[in-house]
Amino acid sequence: MTDGITPLYEVRILSMPIEKFAEIAIDGAVWLTGEYLSQARKINSRFFLNPAYIHKPRHREVAIGALDRANQHLRHRIFVEGFRKLPESGTHGTFEDLLTTHGEMLDEAFRTEWERRLGRKMQFSRLLS
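Numbering (my numbering), first residue to last: 818 to 946.
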């Protein structure tokens, strides 16, 4: 800037659309939940995420059902953890920044993508609130 005034924020272009972050987070949450379900029967054992099942999560349908039964706040927290537990792909830093700076937009992207995946139509009352 020629007038010497520093900007209030750093302009940042996302490496991908926010909707793509939501898709990846939901995929990660389904994998994370499936891994938990597959290992829950083992008493007194450590929980290890097996990356071999990232693209084909174990107990996928049961995991989706469990996530659907969770309240929205908990489900979104699991989506976030699902993204965080995925192997580093160069987007984790941007995702963390999104959580801090655009959390509401990310929550809306989570809601929209989750409803789309379940084949539900968004209710107008939700959109207006």
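Glycine included, each C-beta is placed from N, C-alpha and C at the ideal position.
State the DSSP-derived secondary structure class of residue i, mapped to helix, strand or coil.
i             : result
histidine 872 : coil
threonine 850 : helix
glycine 936   : coil
histidine 909 : helix
glutamate 930 : helix
leucine 963   : In the structure as shown, the chain starts at 818 and stops at 946, and residue 963 therefore has no counterpart that could be examined.
Measuring straight from C-alpha to C-alpha, what distance separates residue i and residue j?
i              : j                 : result
arginine 949   : isoleucine 881    : The question about residue 949 has no answer, for the chain in this structure spans 818 to 946.
tyrosine 853   : phenylalanine 864 : 7 Å
threonine 918  : lysine 873        : 32 Å
tryptophan 848 : methionine 922    : 23 Å
Provide the residue span of the alpha helix (DSSP H) that contains residue i, from first to last.
i                 : result
phenylalanine 896 : 889-902
alanine 883       : 877-886
(request) Examine the Cβ distances between the stretch 866-882 and the stretch 912-931 and report whether three or more of them are shorter than 8 Å. (result) no
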